[in-house]
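Below: one structure, written as structure tokens.
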Amino acid sequence: MGILLKGGKVLTGTNGLKVQDILIEDTKIADMGESLPEKGHKVIDVSGNLVTPGLIDLHVHLREPGGEHKETIETGTKAAARGGFTTVAAMPNTKPVPDNAAQLQWVNEKIKETASVRVLPYASITTRQAGKELTDFEALKNNGAFAFTDDGVGVQSADMMLQAMRLAKQSDAVIVAHCEENTLIHKGSVHKGNFAEKHGLNGIPSICEAVQIARDVLLAEAAEARYHVCHVSTKESVRVIKDAKAAGIKVTAEVTPHHLLLCDEDIPGLDTNYKMNPPLRGNEDRTALIEAYKSGVIDFLATDHAPHSKDEKDLGMELAPFGIIGLETAFPLLYTNLVQKGVLTLQELVDGFTRKPADSFDLPYGALEIGAEADLTVIDLNHEEKIDPENFVSKGKNTPFAGWSCKGWPVLTIVEGSIKYEKESVNA
1 MGILLKGGKV LTGTNGLKVQ DILIEDTKIA DMGESLPEKG HKVIDVSGNL
51 VTPGLIDLHV HLREPGGEHK ETIETGTKAA ARGGFTTVAA MPNTKPVPDN
101 AAQLQWVNEK IKETASVRVL PYASITTRQA GKELTDFEAL KNNGAFAFTD
151 DGVGVQSADM MLQAMRLAKQ SDAVIVAHCE ENTLIHKGSV HKGNFAEKHG
201 LNGIPSICEA VQIARDVLLA EAAEARYHVC HVSTKESVRV IKDAKAAGIK
251 VTAEVTPHHL LLCDEDIPGL DTNYKMNPPL RGNEDRTALI EAYKSGVIDF
301 LATDHAPHSK DEKDLGMELA PFGIIGLETA FPLLYTNLVQ KGVLTLQELV
351 DGFTRKPADS FDLPYGALEI GAEADLTVID LNHEEKIDPE NFVSKGKNTP
401 FAGWSCKGWP VLTIVEGSIK YEKESVNA
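Here the sequence shown is numbered in full-length UniProt numbering, starting from 1 and rising by one per residue.
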């Protein structure tokens, strides 16, 4: 007996919608059609709702091990399922860091035991993410490393980054980079702009991101490596990535929902729920990011889900940790504020969380077709509700979007043919 989704609407690839039944048998999509026979299958009526390939987020922080008071693999992946995500990639800034085979094996075992959705674990580029010694790429890749990154800090040594890219090339792996030139930060906590000046805070200049991307794309060219830029935030970074792509360098890039929706002018005061790294930039940057995503200079969307405890966020703008959460609100926020306002098409939004990240990293997911993995997300585009952090499954409540009214909420998430979330309940 399979699962038969009846009457859902699927995208046609040209911004159109058509009604399709979808039959799931075991872990695969077995059939699709306008009116499939029920034949004793478990029937779920999804009529009126959008059915997409399972959403993919290649930039999340699950905090385990070492940060279990903020999030665990179990709670983070339940939050992912509630947000419609069926695949997430977990950053390595944990304690300890997955910088050796034994630690990565521990992470994979924990994923196997507790995760509600598919988790692809990153390994670090350098030991302890300290930027001093490269990890054993081959051993880590052989033990399931999805890709390599020191996310949270930029690799400061150009020579070390070049060596890393050569190792990645040999291992057929991708270097994923948090880009930040430390000598330009000057203890900044927000963007170097009007908000920083008004409140007497040290600002993080835009150039500290773009200058390292410029360095890295040239290193990637020299090493013939595949290079991915995390959370692009400035118009200068967009220009560098655009030029690199035009030159044939193998570079991809992502952008977060918060950098598409907010700028530093939107920060209401010294509220640390607006503190993230990279920081919210100027409105010209936000506009440039939207255009870059629509034109393909930026390849896909990622949340940079970064949970922190309330005590940590209460330390004030200068001392509180960077980061906000995003898994449970990403799709409705972007649907309501970009698709419904005509900035993006529904197809552009869905592709950014499905086909595009899959294509960028050669993943066998992100497609809705017969024979594909049965990763599916059902979304109610009409239901409207306010974002209430107290309803989050994530341990983190740190979001600047509390109280925003949104439509486009996921109501059913299926991973490899198994239901992992139904509205109001999560089947872990």
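Glycine included, each C-beta is placed from N, C-alpha and C at the ideal position.
Length of the line joining the Cα atoms of residue i and residue j
i    : j    : result
F195 : D264 : 6 Å
G366 : H199 : 44 Å
A81  : A90  : 14 Å
G203 : L23  : 53 Å
G323 : P279 : 9 Å
D311 : G48  : 42 Å
M160 : L134 : 8 Å
L289 : A244 : 16 Å
I207 : L363 : 32 Å
A28  : F353 : According to the sequence displayed, residue 28 carries Lys and not Ala. Cα to Cα, K28 sits roughly 20 Å from F353.
E236 : Y227 : 18 Å
S35  : D150 : 49 Å
E385 : S405 : 5 Å
L262 : A292 : 16 Å
Q156 : T272 : 27 Å
R128 : A145 : 15 Å
A30  : L368 : 11 Å
K275 : A320 : 8 Å
I325 : P307 : 5 Å
S309 : G282 : 27 Å
E109 : N143 : 11 Å
K294 : A246 : 16 Å
T86  : D359 : 16 Å
G403 : D266 : 15 Å
T416 : E197 : According to the sequence provided, residue 416 is Glu. The question's Thr does not apply to it. Each residue's Cα considered, the two are about 50 Å apart.
L334 : A302 : 12 Å
Residue from the options whose Cα sits closest to the Cα of residue i
i    : options                   : result
K95  : K423, V107 and V88        : V107
V217 : H61, S157 and V240        : V240
P268 : N142, L167, L58 and M317  : M317
N398 : R166, K141, E328 and D285 : E328
H383 : L346, F361 and W409       : W409
R215 : Y274, I3 and L162         : L162
D57  : G67, G13 and V117         : V117
G152 : E416, E348, N182 and N143 : N182
A101 : I325, G326, T114 and Y122 : Y122
V229 : I414, L104, V251 and L219 : V251
N15  : A223, E348 and N391       : E348
V255 : G342, P205, L315 and K356 : K356
T77  : L219, L5 and K112         : K112
A168 : I125, Q105 and Y421       : I125
L4   : G40, A223 and L17         : G40
L11  : L270, T303 and V51        : V51
F401 : P257, V339, T287 and I419 : P257
I370 : P53, Q103 and T303        : P53
G66  : A223, R166, Q103 and L270 : Q103
Cβ pair residue i, residue j closer than 9 Å
i    : j    : result
D388 : K407 : no
H305 : V60  : yes
D21  : M32  : yes
A147 : F361 : yes
P7   : K42  : The sequence given here has Gly at residue 7, not Pro. No, the pair does not count as a contact, with Cβ atoms beyond the cut-off.
D26  : A374 : yes
S189 : F137 : no
K395 : H69  : yes
P98  : L62  : no
A253 : D285 : no
P205 : K187 : no
A158 : I175 : no
K341 : V297 : no
Beta bridge counterpart(s) of residue i as assigned by DSSP
i    : result
D380 : W409
P53  : L376
Q105 : Bridge partners of Q105: none, in fact.
Q20  : G8
L301 : V255
P307 : Paired residue(s): none; P307 is not in a bridge.
I370 : Its beta-bridge partners do not exist; DSSP assigns none.
A123 : F148
T87  : I56 and R118
Y421 : T413
Same chain only: Cβ atoms within 6 Å of residue i, ignoring 5 sequence neighbours per side
i    : result
E221 : I249
G154 : H178, C179, E180 and Q212
T72  : E64
H259 : S233 and L289
E74  : T114
P332 : C406, G408 and W409
G84  : L55, F331, T377, P410 and T413
E422 : L412
Cβ of residue i within 9 Å of any chain D Cβ
i    : result
V240 : The structure shown contains no chain D, having only a single protein chain.
Residues of its chain near residue i, where Cβ-Cβ distance is below 7 Å and the 5 sequence neighbours each way are ignored
i    : result
A210 : T234, E236, S237 and V240
A79  : L327, E328, F392, V393 and S394
N337 : L261
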